[in-house]
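Numbering (my numbering), first residue to last: 2 to 199.
See below:
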């Protein structure tokens, strides 16, 4: 089914998109109607997708089916992404108000996940904190944002940056009249050679 690449490459693209979207295999199964075990086999290159499967996953991740099939030129060593080539995405359903744009979406295997983030504007009320694997760097490009941890808060302006373990509960929000814009780089932990799908 793949015009460019083996089922292993297809699987690595699916796995990369799933991690980029901060989704579990269960999440993708629920959204696509495919079983968790079949998705696990696809990610490990043990099954080849049907056209129907490609279309379901394309809809699930919100990307063209051609991208899943490798119909984009990829450079393993150097990847240039113009501003207009950024890919909007959603990290999870619970992050309403956030706008994200992937910077290096076409590189399937990478040790960092860089993206542009525009946090929602500040509003009253408690904000749920989030955690995830890896380490995180936030560099403010424009505007002003507040980075919130359990025991402290930081106000960041253009040019300011914070580097922290992403396992520390955190959240951000824009201050002022317009959303702030920040470059975020999250390290990707090495894949575990344990039970598939974990």
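Ideal Cβ placement from N, Cα and C applies to all residues, glycine included.
Nearest in C-alpha terms to residue 82, of all of 64, 89, 105, is 105. Under the three-state reduction of DSSP output, residue 134 falls in the coil class, being neither helix nor strand. According to DSSP, residue 154 shares a beta bridge with 149. Contact check for residue 159 and residue 139: beta-carbon distance about 12 Å, past the 8 Å limit, so the pair fails to qualify.
The C-alpha of residue 184 lies about 13 Å from the C-alpha of residue 87. Between residue 101 and residue 120, the C-beta gap is not smaller than 7 Å, which leaves the two residues out of contact. The alpha helix (DSSP H) runs lying completely inside the segment 13-52 and spanning 4 residues or more are 26-33, 37-44, given in chain order. In this model, residue 144 and residue 64 are separated by some 30 Å (Cα to Cα). Check the Cα spacing between residue 68 and each of 85, 39, 43, 11: the tightest is with 11.
Pairing residue 188 with residue 113 gives a Cβ-Cβ distance under 7 Å.
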